[in-house]
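Under the UniProt record's numbering, the first residue of the sequence shown carries the number 1, and numbering increases by one thereafter.
Taking it in order: structure first as structure tokens, then the write-up.
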Amino acid sequence: NGFTLLHVRALWQISNAVIHVFLCLAFSMHPMSRSSSLCQMYFLILTDQGLQIRVYGADYGRRDTTTCIYKRPDAQVQNVLCSAPSPKVAERCNGKNNCTISATNSVFGDPCGGTYKYLEVAYICQCK
Numbered sequence: 001n002g003f004t005l006l007h008v009r010a011l012w013q014i015s016n017a018v019i020h021v022f023l024c025l026a027f028s029m030h031p032m033s034r035s036s037s038l039c040q041m042y043f044l045i046l047t048d049q050g051l052q053i054r055v056y057g058a059d060y061g062r063r064d065t066t067t068c069i070y071k072r073p074d075a076q077v078q079n080v081l082c083s084a085p086s087p088k089v090a091e092r093c094n095g096k097n098n099c100t101i102s103a104t105n106s107v108f109g110d111p112c113g114g115t116y117k118y119l120e121v122a123y124i125c126q127c128k
């Protein structure tokens with residue numbers, strides 16, 4: 001919708017009960033985007049209480065030699081022309097306030113055998 005969302009959490013305490021109130025305010029002309037990356041064989045949990053997730057991009061593969069390289073042999077991280085955009089994250093997460101995605105070949109296919117991959121997700125959270 002073209003507006004940045006400000007997610008404000010207000011807390012009130014009445015006796016022993018704490019009341020959580022979530023407010024959504026639109027205040028700008030540019031959406032507030034977020035991004036997450038996770039290594040192959042790991043899980044990503046997107047969550048935004050009181051808001052809806054809208055994924056506008058997801059890519060599984062490898063586009064650089066610096067992401068997710070810990071304890072990986074050089075041969076597994078050199079192919080940086082290995083990636084495949086995927087609608088699967090959007091299909092699972094859009095319109096929800098939380099979702100879980102695993103970065104695995106069984107979910108996204110294997111765009112390049114022998115290369116250690118990662119999932120990059122770009123999304124915004126918007127008012128319901």
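All residues carry an ideal CB built from backbone N, CA and C; glycine is no exception.
Since we're looking at a predicted model, the values are computed, not measured.
* N- and C-terminal bounds of the beta strand (DSSP E) containing Arg54 -> That run of the beta strand (DSSP E) goes Leu51 to Arg62.
* Asked: Looking at C-beta atoms only, is the number of pairs between the segment 61-74 and the segment 83-96 that lie closer than 8 Å three or more?
  -> Taking a contact to require three or more Cβ pairs closer than 8 Å, the segment 61-74 and the segment 83-96 qualify as touching.
* Considering only residues of the same chain and omitting the five flanking positions on each side of Cys68, which have a CB-CB separation below 6 Å? -> Correct list, in chain order: Cys39 and Tyr118.
* Cross-strand partners of Cys127 (DSSP beta bridge) -> According to DSSP, which records beta bridges pairwise, Cys127 is partnered with Leu51.
* To do: Count the other C-beta atoms from every protein chain shown that fall within 10 angstroms of the C-beta of Met29, then say buried if there are 16 or more, exposed otherwise.
  => Below a pLDDT of 50, predicted positions are generally treated as unreliable, and Met29, at 43, falls in that range; the measurement from the model is reported next regardless. The residue in question, Met29, is exposed, as its Cβ has fewer than 16 Cβ neighbours within 10 Å.
* To do: Output yes or no for whether 7 Å exceeds the beta carbon distance between Phe43 and Ser102.
  => The answer is yes: Cβ separation under 7 Å.
* Determine, using beta carbons only, whether Ile124 and Ser37 come nearer to each other than 7 Å. => In this structure, Ser37 does not lie closer than 7 Å to Ile124 by Cβ.
* Asked: Helix, strand or coil: which one does DSSP assign to Arg92?
  -> Note: Arg92 maps to helix in three-state DSSP.
* **Reduced DSSP secondary structure (H/G/I, E/B, other) of Val121** => Correct three-state label for Val121: strand.
* Asked: Do the CB positions of Arg54 and Asn94 come within less than 7 Å of each other?
  -> Yes, these two residues count as a Cβ contact at 7 Å.
* Hey, could you find the ends of the beta strand (DSSP E) Asn105 is sitting in? => Premise fails: Asn105 lies in the alpha helix (DSSP H), Asn105 to Phe108, not in any beta strand (DSSP E).
* Residue closest to Gln52, alpha-carbon to alpha-carbon, out of Lys71, Ala90 and Ala58 -> Measuring from the Cα of Gln52, the nearest candidate turns out to be Ala90.
* Close beta carbons around Ile45, own chain, < 6 Å, minus the five adjacent residues each side -> If we look at Ile45 and ignore the five residues flanking it on each side, its Cβ neighbours are Thr100.
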